Structures are given as structure tokens and as C-alpha cells.
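Take the sequence shown: its position 817, counted from the start at 1, is 817 in UniProt numbering, and no numbers get skipped.
Everything on this sheet refers to the single structure shown next.
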Amino acid sequence: MSDVMHPMPFDQLMDWILSEYHTRGTIFGISRMPRRDPGSARPIFNGRLETPFGPAAGPNTQLAQNLVASYVAGARFFELKTVQKMDGEELAACVNKPCILAGDEGYNCEWSTELTVADARDEYIHAWVACKLLARELGLGDPDGFVFNMSVGYDLEGIKTPKVDGFINDLKDASGTVAFNEAIAWAKANLDRFNNVDETFVDSITPHVSESITESTLHGCPPDEIERIATHLICEKGLNTYIKCNPTLLGYETARGLLDSLGFSYIVFDRHHFDEDLQWADAVPMFQRLAALCRERGLEFGVKLTNTFPVDVTRGELPSEEMYMSGRSLYTLTLTLAQRISHEFDGKLRISWSGGADALNIRGLVDAGIWPVTMATTVLKPGGYERFSQIAYAFAQQDCYRFDGVRVAAVDALVEDMHQNARYKKPIKPVPSRHIDQRLPLMDCFTAPCRHDCPIHQDIPGYLRAVEEGRFADALSIVLQRNALPFITGTICPHTCGISCMRNYYEEHVHIREFKLEAARRGLAEVLPELEAAPAVEGKKVAVIGGGPAGLSVASFLSRAGVDVTVFERQKTLGGVVANVIPDFRIAAESIANDIELCRAYGAKFELGTDVRSAQDLLEKGFTDVVVAIGAWAPGHPVIEGAQMLDALEFLQQFKADPASCMLGTDVAVVGAGNTAMDVARAAKRVPGVKNVRLVYRRDRRNMPADEEELALALEDGVEFLELLSPKALEGTTLTCDVMRLGEPDASGRRRPEPTGETREVVATSVIAAVGERVEPSVYKASGVLLDQRGLPEVDDTLQTSVAHVYAVGDCRRGPATVVKAIADAATVTEALCGYDFDFCSASNIEADYDRPLAGRATLTQEVESLVKSRCLGCATACETCCEVCPNRANVAVRVPGLRQRQVVHVDGMCNECGNCAVFCPYEGGRPFRDKLTLFWTREDFDSSHNSGFLPVGEVEGSEYLVRLNGEVATYDVDNPACGLPKAVRLTIVATRDEHPYLFER
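Okay, here's the thing in C-alpha cells:
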């Protein structure tokens, strides 16, 4: 496949726009098109802005369709992608692909347009005319209510070259260009395709595309060169001028300290850019001189804050040595610089913004007098250009404000909020992969990542929607189909489903666990009386050893399937670790009791206070099968041989029974950093007499095994983290530790701790070891079960041990793990023993209304804690994320008669392989620009690609198509169902031909 994108001729561009709008009501996939009040606009330069924002110079302003998509979504200020003397193939050869990574904060390794300067000029002119026509035809606003802002770089010599100088002149006045005249001629020749556009209006379209410019310079550009360029643009070209500043103006110490304080310490950069770039002492007087120069000529001057920030590639993020940072981490630097500039100039220097703005912070910026605002990272994320729509609606009221200065106090308030707001802070632990471990299929690729990554594959979209609609009994019934313990998992589940939730790319994951608990609480009274045993299964009588989460789940699943099942629990209460160890501040006794009641409801029998020593004893008593679910209660390996330390589980049991009976002294050291260690530390903080609790771990907090949530809760409770310390000796109240450093990664992917040779002493009146529990092997040994080197039973895919009819589930099968994994084991054994179908509610995940989930996309919200609206994106019904995030609109969702899902068709000629669609594809390694069915414009492009795809042989309307599937090329009559193509592929080609002919090259 070629990574060279091809601009569309104006007639194809307009045919696409008008055809799509009239057949689907969308334009380049944009369905929400805010209408503006033609009488409401902010004056700027000699023009008017109906909204004070738009796309930044970058991937979203490179092609005409990108600019049109931004316009119809509500943007009105367009910073055109930078042009320079190096262009076209010469520049494209210097840009490694993929070149965009915007999964969290943004990074890129591309800079100016990959088109030739002449092609870029034509694209901008075509977009200019197209937006004028659409404004009038669709009533989107005043056709003169938007502004195109040029961007040029990177030195005066290059800007003075004929092609860049000509570019500037042609956008100042395009009347002599072929592109403008062709566009105007097309409009006049196609007036019959419009309802509100006539020849008089077409003649009124001004050829003066832009009279403003942003000066972009490379890092290290000398201050006198920056000033010479600006002077040339002001004096020789007569342009309103912004100078794009680099965050390096802050100075190294300020930038490093700020990013470190907000959790971005892993971002690597050195001092050289700070030393070589424009310095504050030079910048201030230069801005003063240039502002005065503009005032003399009746022009506007300002600074653009900021350019992207150069950082090192250290983790293979992109295929380059250096990349440019944007997004929320840049927001913090940019806002800090804006504060400094606004104070220096007392708010009188105009600031245009480009640094991590989005729907949740733009209002504050604009109200502080910082506008226009341009954005890139936010519209590269799921929702894409339609994120502009939300912002446009937020500016829907009368908005005619003229720039009257930056409000310094308001900027100060934004900075104060930035330091407190969690949106600008990185999580403690590295962000895990958001992708599911499956290959992206050619067709029918929609999936619910949350459901896939849940160990029990709960029907999450189904019960979220039921809760949202107030159908709590239905929601709980859906949950119970796969989850025997909704109260427990609704409270303490690590909710790995949230890791892959696509909502992470908006604000944060859907609060799936909390919705589950809401369903359980509000649906229990109606559901519980309806639960009953199924008809008995003949020939099965199952014993379960252990009444903890795993044993309860087995009892629930088997009994609801009609299997005679009895649970033997050696303690007097059911619930295992959850009931006897996990502190009450983590989960209430009532929640545990509710789940036990649910597990009893299907008819399982329970014998408490019964200590079973061998599975064989139960088999000999007539049970057909035995499931061992005894948990992991044995202490872990000693931290220090011979040292007197408390065991984590023993301490937690004592704490749960009577906190006041725990005699720990004033200073408690907890060794370990898993979830159990966090419970221990938080419990110890609540013991009378304890003043300090210190958690001792050999790695740093980013590499601690505990879940992010558990780490945060421990820190909130005041637990002190002593990182990079490994206990060595314990004498009296002194715990001596080796000081460690992080070396190369080990098998787990975490950096291996290595001793530095230094030691540190920690005061410890009590030391509690929380380094992993082990399984007590006596039941296995007495039953003749083979154990592996870790003391765990050897099992097959059904979890049957080496002894026939003896199974193992939960912690005693895999070692200490989560409740939800124990439930997953219970489901596996249930399927093996009686063939129970857990897929009964899977249809609930898919909505009947295909378009409903799509209508809720592209909207960010502050109300992430609400249990009224789930914020679920409905991925199981419709994904289409790759279509949303493609800047060039090269991925198109095609509605195919006969298929439920719309199929993604990749348009080869519009793609430059930026890789953005791959970043957000839910599938691990999924690359829609290579993996999806591809429409080719030319035989040359077809032959240079390996993509599975199609090309018309002769006329588009014909039935003969050249098709490549799995590397095999052949010609097919796509109108013939027996032509040999897979049904979905053939139908998709036919639907593309019949319903989307505008996708094919003219």
C-alpha cells in the first residue's frame, strides 16, 4: 500500500459531500452540524468568527475534506497545515510512519504538509469554496463567518522562495488560480444540485482566502531570524501575524518540575532545546517591537501558544528518535506560559491557543480572553471531528465579543485548577494496553472490549443499558447469568473491563462495577423470590470443598443447572477470604450476606463446620465429582529468615474481628505492594495507637503490583510509600533495608530491582509481611493430586486434576487472585460437568436501534460518577472508531443490505498511513488501514499494496471487479452470488458501488 495521499478533484469532493448528505444526512461521517446565528460572530482581523475555535495546523487541516469536516462540525477558525520549501515526496520520505500516537497525551513525528505546496494551496482553496457553498446551502451560518489562517515555516530564505511566496500571494488573492476558478465554474454548472445557492451567491464568494498567518519556526531558530520572518510577513505581505512560541520559553527547570509534579516524569527530554530556543529575555522585547509594528500598519499581532514540545522516544512509541508532545501534558506547559506572558504584558498581548484544549476546558480559556483556540489531539481521539460539535453547541448563545485583553486573574485561576484537577495528572501506574488479544477481522469487526476482557465475559452493555432505563430486575438477571456474586464483585472487583473500555479515550472508563452494584441493590427484592432450582440432572451429585467465592459460585452455577450439589465449609460462616479477611471498610457484611443468599436460592446444600481432608472420602460417599475450592490461606515465604513478622491474613482476620485487639505499636512497616498489602496498610492505619504506616517495596510505585485504585486509596489514607527498599534484617524496632535501583526489565516486563550497596533503617514497632499467600497442600496430597513446582494442582482445560472427577477452582488452583477469576473457574467446571450455557443473555448487548449508540459519541462529560447515565458507547452494536478518528476520512462505514453491521471500507487514495486508526482500534495489532477491505482508485495503487481489496475493471457501475483476498488476486462478477467471493465481501463491494459511487476516483 502507498502512504501517499491523493487530493480529490473539486467535482469529486462536492459530489461526495452532496451525495452523502442527501442519502445519509451526513458529510464525511459528520451527523451533528450546529447551525450558527448569522448575526452573532466575534470580529477578528478583517473577518468574523462564529465560533472561536477550530483545528490546529496538523493532520486535521491537510486535505480539503478535513477542513470541510471541521466546518460542518462547528469549527470556524482554521490554522492551515504548515507549508515550507521542502514538500511533496521529498518531505514525505523524511516522515517515518506511523507518525501519530494520541492514545493519551499526543505525540507525532511529522510536521509540515506532505503535499506539494501547490497541491496544499489548491486543497485550501477548494475547502474555502466548499465551506462557503455549504454555509449557504445548509444554513450552517454566515458564509463569511469563518477564517482561514495560513501557517508557514521555517526560515526566511524558505519563505521567500517562489513556491512559498506564491502560496502566500495566492491565498491572499486566489482569483488568478486554476483551483479557485475551477471551483467557481463547477458551482455555476451544478446549481441544479442546490436549493439555496444561486449564481449571484457564487459570484459573491471572495477569492481572498486568508489575510492572516502564523509563523512557525524550528527549534533552535535564532531570535533575530524569528523577528526577520515576522517583519517580512507584516511589512512585505501585510498580514495579521501570530508567532508560534515553544514551551521551552518556560525554562528547563520549570518544565521538568511541572511535568514531574503531575506524574509525567517518564517523559524524557534534556536541556538542549531550552538552551538553543528563543529565550525569555529576547522574546519580551521582540514581541513589544512586533506589536508596535503591527499597530503602525493597522494589523493585529499576537502569540500562538504553543508549538508541540520535543521529547525523546524511549519506549518505541514512534519510529523516530524524537517526537513532539501535545494534548493534556502540553496543556499544563502552555497554560503556565500563558500565565507568565499575560502577567508580563498585563493582558494586552493577544494569545491564540493550541495546547491540549478540549470540550471540558475551552470555555475557561475563551472566557479568560484567550482565543481563537485550535485543537488537534482531542479530535484525533474517538468521536473525531464531531467533538467540535459539542464545543460549538457550548458557544451557541449570542457571541459577538471583540478581543479586549487577556484576563490575568482568570488565567491565574485556570493555573490553580490545573494543579488540582485530576484530568491533568497521570495515573500512578503505567496505562495498560487498551486492546483485546484478538486479530482484527476483515469483516464484521464490532466488539465490546469490556466484555472480552472480563474474566467471566459478562454481558456488560446489556446490563448497563437496563440500569440506565430503570430496568433493575432485568439488569440483575443479566448479571446473574454469568456472575454468581454481584454484590461482592460490584464492590471489590478490580474491574479489568474498565481497562479496555473505549470511554477511556474520552474522560475515563464507564463505571461498570458501580452499575453492577446498582443493579444488585435495586433489583434484589424483585429477583431473589423468583430464583429456583432447575429440573434435576440425573446421575450427577457434586461435592464442593470450601465455601469461599469459588465454592459459592460453583454451588450457584451447578444448582441453577439442576445438579445436586453440597458445599462443605470448615468454618462456621460462608464467604471465605471476603467474609473473614477483607476489612469492613472495603466491603459491608450485608453485601456478602446478599450474595450468599443468592447462591443458596437455587437449592444448593451447605454443611458448615465440616473439615474435609480428602476428595477421595467424598467420592467414596457417593459423590460423582468433587470440586476443591479451599482458597490460599498458608503464609507466603519468609521475607527475612528467622525474623518475627506478622502474617497479612492473620492480621486482617484479627483486625476484622476486633481492631482494638491488634497491638502494633506506633510505627508499622508493611512489606509488599499487592492488593493485600494495601488492605493491610489501610487497616493498620485504623488500629488504635498507630501513628505511622509505611509500605516497604523493592520497586517504585509505578511498578507495584497493586491495582491503581488500591494504591490511590492507600495514599489517601496516609500510608507512606518507601520505594526501592528491600528488607534485609529486623532487630528490635529497626528494619534494615537494602536501597535498590531499577535495572533492566524482568520476565514480567517490570524493571528488575538491583541493590546499590547502600542501606536504610526504618523504624518499625511491628512488621507485617504481605508478600503472597500459598495454598495449603494437604487436601491435594491426601487425594493423590499431582502438584507443580509452585505447589499448585496440575489441571486440564476443564480444570480437572490428575485424579479423575476431582477439579480445582479459585485461589487453590492458580494462587492468590481475584474473586472474578474464581467465578470464571466455577463457570468452566460447570460447563464441563453439565454443559450449562452461560450465553443466554448475550443478545442483550446489541441494541435494536443501530444509530442510537452512534448518536451518543463525541461528547465529553464532567459527570463521570453518575449512575443515571452510563456513558456507554455501545461498541457491541456499532464500533466504527477507525472511521471517527481518521483525519483524512479514509475509513468509511458502508451500510450493506443483508448484514447487521455496517462494514468498514478503507479508501486507499486518501490515506497516508499516519497510523491513528491503529492506535484506537480495539484489537491488539489491528491496523484498519491495512486490515480492512480496501477500495483502490488505480491499478498502480492496487498492485503496490498487499491489502485485501477491490478495484473496478472498467466502469464503476459495471459488475467486473478485481479483488484480492488473502494475497490471491482474481476478477469476479460481483452481481453473481455464486462468483466465489465470501458473502460479506461481495455484498460490501456491491453496496459500495451502488450506494457510494462517489468514493471511486473520477
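Ideal placement from N, C-alpha and C gives every residue a C-beta, glycine not left out.
All of these numbers come straight from a predicted model, not from anything done at the bench.
Residue closest to residue i, alpha-carbon to alpha-carbon, out of the options
i	options	result
W280	H272, A255, T248, T377	T248
R751	V775, R702, G732, P777	R702
C3	S959, V907, R993, D973	The identity of residue 3 in the sequence shown is Asp, whereas the question assumes Cys. Here the closest residue by C-alpha is V907.
A782	Q616, D746, P486, C834	Q616
E880	D837, F345, D142, K932	K932
Y602	R586, L558, T624, D584	L558
P897	L646, R986, M502, V803	R986
F194	R570, F269, R340, H22	H22
Q458	R471, C497, P430	C497
R760	T736, V767, E773	T736
T992	A893, L335, G622	A893
K691	D839, M663, G672, D700	M663
V809	L873, V803, L799, P816	L799
I499	G470, A769, E708	E708
I428	S265, H272, K605	S265
G302	N149, Q12, A769	N149
G384	R889, D738, P755	R889
S354	A255, K348, N246, D437	N246
K344	A376, G405, G316	First, the residue type needs correcting, since residue 344 is Glu and not Lys in the sequence shown. Among A376, G405, G316, the Cα nearest to that of E344 belongs to G405.
E50	A56, G39, A57	G39
K172	A706, E110, T206, L722	T206
Proximity below 9 Å, CB of residue i to CB of residue j
i	j	result
P659	A629	no
P59	N916	yes
V953	L485	no
M418	Y331	yes
L337	L218	no
I823	A588	no
G141	D37	yes
F53	A75	yes
S389	M704	no
T877	Y836	no
E300	V313	no
T924	S433	The displayed chain sequence assigns Glu, not Thr, to residue 924. Yes, the pair counts as a contact, with Cβ atoms nearer than the cut-off.
L47	V164	Contrary to the premise, residue 47 reads as Gly rather than Leu in this sequence. No; because the gap between Cβ atoms is not below 9 Å, this pair is not in contact.
residue 1003	C454	This structure cannot speak to residue 1003, because the chain is shown only from 1 to 1002.
A392	T378	no
A410	D367	yes
R774	P793	no
E137	N66	no
I456	A466	no
G622	G546	no
A92	P7	no
Nearest-angstrom beta carbon gap, residue j and residue i [assumed within contact, 8 Å]
i	j	result
V904	C445	7 Å
residue 1029	T830	Not covered by the structure: residue 1029. The range shown for the chain is 1 to 1002.
V639	P745	With 8 Å as the limit, V639 and P745 do not qualify as a contact, their Cβ atoms being about 24 Å apart.
S216	T82	5 Å
For residue i: DSSP bridge partner residues
i	result
P310	Y324
D244	The amino acid occupying residue 244 in the given sequence is Lys; Asp does not appear at that position. According to DSSP, which records beta bridges pairwise, K244 is partnered with K304.
V907	L935
Y998	DSSP, once it has assigned bridges, lists no residue as partnering Y998.
G949	T934, R964
residue 1059	Nothing about residue 1059 can be read from this structure; the chain reaches only from 1 to 1002.
residue 1003	Within the shown structure, residues of the chain are numbered from 1 to 1002, placing residue 1003 beyond reach of any answer.
G54	T374
P43	R48
R340	Bridge partners of R340: none, in fact.
Cβ of residue i within 9 Å of any chain D Cβ
i	result
A615	In summary, chain D is missing from the structure at hand, where a single protein chain is found.
query = Which whole runs of the beta strand (DSSP E) in the region 512-566 are 3 residues long or more, in chain order?
reply = 541-545
request  = Return the chain-ordered ranges of every alpha helix (DSSP H) run that is complete within the region 655-708 and spans a minimum of 4 residues.
outcome  = 675-685
inquiry  = Please give the ranges of any alpha helix (DSSP H) in the region 389-431, keeping only runs that are unbroken, at least 4 residues long and fully inside the region.
reply    = 408-420
message = Which runs of the beta strand (DSSP E) at least 3 residues long sit entirely within the region 353-380? Give them in chain order.
response = Taken in chain order, the complete beta strand (DSSP E) segments of 3 or more residues contained in the region 353-380 are 373-375.
inquiry  = Quick check for students: name the residue ranges of the alpha helix (DSSP H) that lie wholly in the region 435-460, counting only runs of 4 or more.
reply    = Contiguous alpha helix (DSSP H) elements confined to the region 435-460 occur at 449-453, taking only those with 4 or more residues.
query = Where in the region 724-786 do unbroken runs of the alpha helix (DSSP H), each at least 4 residues long, occur, reported from the N-terminal end onward?
reply = 778-783
ask   = Hey, which unbroken runs of the alpha helix (DSSP H) at 4 residues or more fall wholly within the region 786-854?
value = 811-814, 819-834
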